[in-house]
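> Going by the UniProt record's numbering, 76 is the number at position 76 of the sequence shown; the sequence numbering is gapless. For each residue, glycine too, the CB sits at the ideal point set by N, CA and C.
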Amino acid sequence: MHVEGYDIKIFNPNDSVKPDIWEGPICFQQLSSGNECIADYSLIKAVRIIKGLSVAEIDVFSGSNNTLKKISLDSCKGIE
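(1) Classify Ser-62 as helix, strand or coil using the three-state DSSP reduction.
(2) If you draw a straight line from the C-alpha of Lys-77 to the C-alpha of Arg-48, how long is it?
(3) Give every residue of the same chain whose Cβ lies closer than 7 Å to the Cβ of Asn-66, excluding the five residues on either side of it in the sequence, and list them in chain order.
(4) Leaving out five residues on either side along the sequence, give the residues of the same chain with a beta carbon under 7 Å from the beta carbon of Asp-7.
(5) Decide if Ile-71 is buried, meaning its Cβ has at least 16 other Cβ atoms within 10 Å, or exposed.
(6) Rounded to whole angstroms, what is the Cα-Cα separation between Gly-34 and Phe-11?
(7) Measure the beta-carbon distance from Leu-43 to Ile-21 and round it to whole angstroms, keeping in mind my assumption that it falls under 8 Å.
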């Protein structure tokens with residue numbers, strides 16, 4: 001899928017027709033430069049790009065605990 005100038009690929013869906021959970025990882029490729037960032041998260045529920053900031057928000061879970069992870073797509077590092 002293409003979002004905010006990035007091609008996003010999330011690997012290993014739980015269903016090939018209507019997935020709602022992915023095992024990961026996630027690959028973000030910047031369309032203008034071709035630069036890639038790979039985030040090794042698992043049990044992914046949703047991914048969003050924050051417009052104008054080159055930051056991805058990734059909803060992950062483990063059991064009943066949901067966590068929002070943020071990564072800089074420029075440095076490919078987590079943001080606290």
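Checking against the coordinates, here is how it stands:
(1) For the purposes of this step, residue 62 is taken as residue 62 along the sequence shown, with counting starting at 1. Three-state DSSP puts Ser-62 in a strand.
(2) Translated into positions along the sequence shown, residue 77 becomes position 77. Translated into positions along the sequence shown, residue 48 becomes position 48. Cα to Cα, Lys-77 sits roughly 16 Å from Arg-48.
(3) Working through the sequence shown from its first residue, we reach residue 66 at position 66. Asp-59, listed in sequence order.
(4) Locating residue 7 in the sequence shown gives position 7, counting from the first residue. These residues qualify, in order along the chain: Gln-29, Leu-31.
(5) Walking along the sequence shown from the start, residue 71 turns up at place 71. So Ile-71 ends up on the buried side.
(6) Taking the sequence shown and counting its residues from 1, the one referred to as residue 34 is at position 34. Taking the sequence shown and counting its residues from 1, the one referred to as residue 11 is at position 11. Approximately 19 Å, taken between the alpha carbons.
(7) For the purposes of this step, residue 43 is taken as residue 43 along the sequence shown, with counting starting at 1. For the purposes of this step, residue 21 is taken as residue 21 along the sequence shown, with counting starting at 1. Right, the Cβ-Cβ distance comes to about 6 Å (below 8 Å), so this counts as a contact.
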